[in-house]
Every structure is written in C-alpha cells, then in structure tokens.
C-alpha cells in the first residue's frame with residue numbers, strides 16, 4: 161500500500177470519527193425562545209425570513225397530522241424588531257379541503273415577499289401541488305397582505321428521463337431488488353422518469369432558495385415519488401419558473417444550496433436511501449441546471465438539513481447528525497467550503513432520546529447573527545417551533 165493511500169485512509173477514518181462523535185460543546189446562543197407554547201397539534205417544517213424593517217417573519221404547517229389531515233394549514237408569527245416575544249400565531253395559507261405543508265418564505269431581488277408551499281392532493285406526497293403567494297405589504301403587525309396567488313407548474317421534458325438514466329449509471333452498484341421477478345429500484349425510477357405526468361407533478365418545497373448575483377433564483381424541490389431532487393429556476397425574479405435537470409440519486413431529498421467561490425453550486429441533501437444514513441451531496445457547474453450524481457458524505461443524517469455561506473465566507477450547516485432518531489441537532493462551521501468541518505456546536509441533545517428536533521431553517525441577519533428555527537417536540541408535552549439566535553463570531 162502506498163503512503164498516499166494509507167494517509168488517505170487515516171484521514172477518512174479520523175474525519176468520520178470526528179463527525180460521528182456526540183457534540184458536547186453548546187452553541188453560543190444569544191437568544192432562544194419557543195415561537196408559541198407547546199400544544200397538542202402537529203407543528204413542523206418551519207421557515208423564517210428577515211424583513212427590511214428588521215422584523216423576522218416565520219411560517220410552519222400545523223394541524224391534526226400531515227398529508228392525511230385536511231385541517232393542516234400554513235401558520236405564521238412575527239417577531240418585531242427589538243422584541244423578545246413573538247406575536248400570536250396567524251393563518252398564512254389554507255387550501256380548502258386539502259392539507260398544506262412545507263412552507264418557504266423569501267424576498268426576491270426587489271423585496272417582494274414570497275410564500276411557497278405545497279397542497280397535498282389525494283393524501284399522497286407524490287400528488288402535491290406547488291402553490292405560492294406574494295406580498296408587497298408585509299411590514300404589518302400580523303399576517304402579510306397577499307396581493308397575488310397562483311400555482312407553480314413545471315414541465316420537465318424528455319431530457320429529464322435521459323439524465324436520470326445516465327446518472328444512475330454513475331452511481332455505485334445497487335444490489336437491491338435482486339429477485340428474478342422483482343424490478344430493480346434503479347430500473348423503476350428510470351422507467352417512471354419517462355412518464356411526463358409523473359415527472360411534472362409531486363415536486364415539493366422544503367428549503368429556502370439560493371439567490372445568485374445575476375438575479376437568478378434557485379428554489380430547491382424534491383419528490384417522494386422519484387426519491388430525489390430538482391431545482392426550480394427563475395430568471396425573472398419569481399414571475400416564471402423552469403425545471404432543472406434532476407439531481408439523480410437514491411434517496412437524496414430536500415436539498416440545501418450554497419455557491420462556492422468558483423461559481424459552482426453545492427447541494428447538501430437529506431438521505432432517504434439505504435443505510436448508513438448520511439448527508440448526500442451533489443454539485444452543479446452551470447448555475448443549477450445540471451448536477452453530478454448524488455454521493456454520500458461522512459455526516460450522519462436522520463432528517464432535513466440546512467446550509468448557508470456566512471458573511472465571513474465560512475459555511476454553516478445545521479442538521480440531525482445521528483442516524484437513529486431526531487434527538488440531537490447540531491451546528492457545523494467550515495472554513496474550506498465543506499472539505500472539513502472544524503467547528504461543531506450542539507443546539508439540542510436529549511440524551512434520553514425523548515425529544516425530536518428537526519427540519520431547521522437557517523438565515524443570517526444584517527447584524528451577522530445566525531437565526532435558526534426548527535421543529536420542537538417533547539413527547540406528550542406537545543409540539544412547537546423553536547427560534548434560536550447564535551453568534552458565529554464566538555465559534556473559533
């Protein structure tokens with residue numbers, strides 16, 4: 161064995177051990193609170209946005225369940241600039257007779273507020289419809305005044321199927337479905353990608369978009385039908401959207417996007433594939449249109465992740481870095497664009513494994529502080545959305 165290969169194995173082992181160890185050092189929290197007291201309804205999938213006047217607006221979905229409960233709606237709350245207590249929750253969107261889930265809030269390049277979410281038809285994730293609302297009158301004391309609402313309809317063409325087939329060949333060999341009469345997983349996805357109806361529906365939101373310097377908006381999407389991701393691209397500030405090629409992989413969903421210094425786009429994704437569960441990663445060299453086949457990293461993963469390039473050029477990552485529950489939520493920082501994650505701090509760590517903390521949203525406000533929201537569940541006590549502010553300058 162050559163010395164270079166030996167060194168590579170050692171470094172991989174050390175990095176893997178570093179990531180897998182429980183985080184014991186707490187994050188430098190400046191402020192933390194529940195957006196509302198814990199209550200019995202299911203609350204999940206939060207999103208936050210910093211408004212021009214300094215307010216922070218949050219949204220999440222809430223109801224009797226998720227896709228099978230028709231009373232699920234998008235709720236919101238507002239933290240006024242300088243305030244310590246969030247407003248009482250208010251309704252943000254409610255599609256009649258259907259569950260509404262996975263909201264995403266963001267401002268476009270002209271500070272128009274967007275709320276994008278999914279309405280779930282037939283109680284199936286793969287039948288979801290992308291919906292959006294916009295507002296230019298949102299600096300109020302309660303819910304924004306919505307001035308426009310529509311659906312986002314995408315029409316991936318035959319290149320979607322071609323790309324799916326090509327990229328599956330680049331993945332490591334899949335040995336599942338080896339029975340003579342059982343169709344292989346890869347073959348089923350490739351065949352489904354040829355169906356225009358299947359590839360045009362069921363795309364869902366979860367993570368905030370990436371705004372490029374030229375004004376392009378990249379909104380990450382994923383499909384539980386295809387069990388992989390895609391990007392909705394807007395060249396006109398959110399007026400119209402077109403589909404990227406798929407981010408092909410086995411279970412790579414809910415992509416979080418960042419841009420490297422060389423212009424390439426990185427996607428870090430939740431792993432809904434085979435064990436061991438690890439964050440999956442893909443890269444685009446053409447502004448998010450085409451992507452490398454997704455590959456697993458060394459970071460353990462059990463649920464949705466978030467990613468952000470900070471003002472000091474470090475990368476921040478938030479996620480459940482274990483693969484046997486959602487009891488630990490951690491913040492990682494990297495100063496080499498994700499090649500290594502030198503700093504790790506704990507946001508939540510319930511060693512009794514009774515709590516569930518997941519689905520983070522991560523933004524950085526003008527004061528340089530990290531604002532994080534996430535689902536907060538403490539068993540029989542109930543559920544809420546937690547809001548935490550962290551000072552990244554204190555992590556070094």
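Numbering (my numbering), first residue to last: 161 to 556. By construction, the Cβ of each residue, glycine as well, lies at the ideal position given by its N, Cα and C atoms.
Worksheet item: Which stretch, first to last residue, makes up the beta strand (DSSP E) that contains residue 274?
Response: Counting along the chain, the unbroken beta strand (DSSP E) around residue 274 starts and ends at 273 to 280.
Worksheet entry | Span separating the alpha-carbon of residue 188 from that of residue 357 | Approximately 48 Å, taken between the alpha carbons.
Fill in: In DSSP terms, what residue 436 is bridged to
Under DSSP, residue 436 forms no beta bridge with any residue.
Practice prompt. On a CA-only basis, which of 525, 413 and 472 is nearest residue 212? Give me that one, please.
Written response: 525 is the residue among 525, 413 and 472 whose C-alpha sits nearest the C-alpha of residue 212.
Worksheet item: Do residue 262 and residue 364 have their C-beta atoms closer together than 8 Å?
Response: Their beta carbons are under 8 Å apart, which means residue 262 touches residue 364 by this criterion.
Worksheet item: By a C-beta neighbour count over all protein chains shown, 10 Å radius and 16 as the cutoff for buried, is residue 311 buried or exposed?
Response: So residue 311 ends up on the exposed side.
Worksheet item: From residue 292 to residue 234, what does the alpha carbon distance come to, in whole angstroms?
Response: Rounded to the nearest angstrom, the two C-alpha atoms are 12 Å apart.
Worksheet item: Taking the Cβ atom as the reference point for each residue, do residue 500 and residue 406 lie within a distance shorter than 8 Å?
Response: The answer is no: Cβ separation not under 8 Å.
Discussion item. Suppose the cutoff is 8 Å on Cβ atoms and the five residues either side in sequence are ignored; what does the same chain contact list for residue 352 look like?
Written reply: Counting only residues of its own chain and dropping the five nearest sequence neighbours on each side, residue 352 has a CB closer than 8 Å to the CB of 358, 359, 385 and 386.
Item to complete: Using three-state DSSP, classify residue 404 as helix, strand or coil.
Response: Correct three-state label for residue 404: coil.
Worksheet item: Going straight from the alpha carbon of residue 241 to that of residue 486, what length do you get?
Response: Rounded to whole angstroms, residue 241 to residue 486 spans 31 Å at the Cα level.
Discussion item. Under DSSP, the beta strand (DSSP E) around residue 419 begins and ends at which residues?
Written reply: It spans 412 to 419 - the beta strand (DSSP E) in which residue 419 sits, taken as one unbroken run.
Worksheet item: When you compare only the Cα positions, how much space is there between residue 238 and residue 520?
Response: If I take the Cα positions, the gap works out to 18 Å.
Worksheet item: Which stretch, first to last residue, makes up the beta strand (DSSP E) that contains residue 347?
Response: Run containing residue 347: none in the beta strand (DSSP E); it sits in the alpha helix (DSSP H), 345 to 352.
Worksheet item: Out of curiosity, what's the CA-to-CA distance linking residue 534 and residue 489?
Response: Using only the alpha carbons, I get a separation of about 9 Å.
Worksheet item: Could you give the residue range of the alpha helix (DSSP H) that holds residue 330?
Response: Where residue 330 is concerned, the enclosing alpha helix (DSSP H) stretches over 318 to 330.
Worksheet item: Are residue 445 and residue 428 closer than 8 Å when you measure CB to CB?
Response: Contact: no.
Practice prompt. Look up residue 539 in the DSSP assignment and say whether it is helix, strand or coil.
Written response: The answer is helix: DSSP assigns residue 539 an H, G or I state.
Worksheet entry | Buried or exposed by the 16-neighbour rule on C-beta atoms within 10 Å, applied to residue 249 | Here residue 249 is buried. Its C-beta has 16 or more other C-beta atoms within 10 Å.
Discussion item. Just verifying my parser: in three-state terms, what is the DSSP assignment at residue 183?
Written reply: Here the model assigns residue 183 a pLDDT of 48, short of 50, so the residue's position is not dependable, and the following value carries that caveat. Looking at residue 183 - three-state DSSP - the assignment turns out to be coil, as it is neither helix nor strand.
Discussion item. Among 472, 481 and 408, whose alpha-carbon lies nearest the alpha-carbon of residue 453?
Written reply: The option with the nearest alpha carbon to residue 453 is 408.
Worksheet item: What did DSSP end up calling residue 360 once you bin it into helix, strand or coil?
Response: Correct three-state label for residue 360: helix.
Worksheet item: Which partner residues does residue 478 have in the DSSP bridge list?
Response: Per DSSP, 466 and 491.
Worksheet item: Around the C-beta of residue 375, are 16 or more other C-beta atoms found within 10 angstroms, so that it is buried, or is it exposed?
Response: The residue in question, residue 375, is exposed, as its Cβ has fewer than 16 Cβ neighbours within 10 Å.
Worksheet item: Tell me, which residues are paired with residue 260 by DSSP?
Response: Residue pairing for residue 260: DSSP places it in a beta bridge opposite 279.
Worksheet item: Can residue 492 and residue 193 be called in contact, C-beta distance under 8 Å?
Response: No, Cβ-Cβ distance for residue 492 and residue 193 is not below 8 Å.
Practice prompt. Check each candidate in 236, 255 and 252 and name the one with the smallest Cα separation from residue 246.
Written response: Distance check between residue 246 and each of 236, 255 and 252 places 236 closest, using alpha-carbon atoms only.
Item to complete: Report the residue from 276, 467, 549 and 468 whose alpha carbon sits nearest the alpha carbon of residue 596.
Response: An answer regarding residue 596 cannot be provided, because it is not within the stretch 161 to 556 covered by the chain.
Fill in: Per DSSP, the bridge partner or partners of residue 534
DSSP lists 546 as partners of residue 534.
Practice prompt. In the DSSP assignment, find the beta strand (DSSP E) that holds residue 220 and state where it starts and stops.
Written response: Unbroken beta strand (DSSP E) run through residue 220: 216 to 223.
Item to complete: Check the DSSP bridge columns for residue 455 and list the partner residues they point to.
Response: 441.
Worksheet item: Would a C-beta distance cut-off of 8 Å place residue 265 and residue 209 closer than the cut-off?
Response: With contacts defined as CB atoms closer than 8 Å, residue 265 and residue 209 qualify as a contacting pair.
Worksheet item: Taking Cβ to Cβ, would you say residue 418 is nearer than 8 Å to residue 432?
Response: No, they are not a contact pair.
Discussion item. Per the DSSP calculation, residue 428 is bridged to which residue(s)?
Written reply: Looking at the DSSP assignment, residue 428 forms a beta bridge with 416 and 441.
Item to complete: Pull up the DSSP beta-bridge partners for residue 380, would you.
Response: Residue 380 is bridged to 391.
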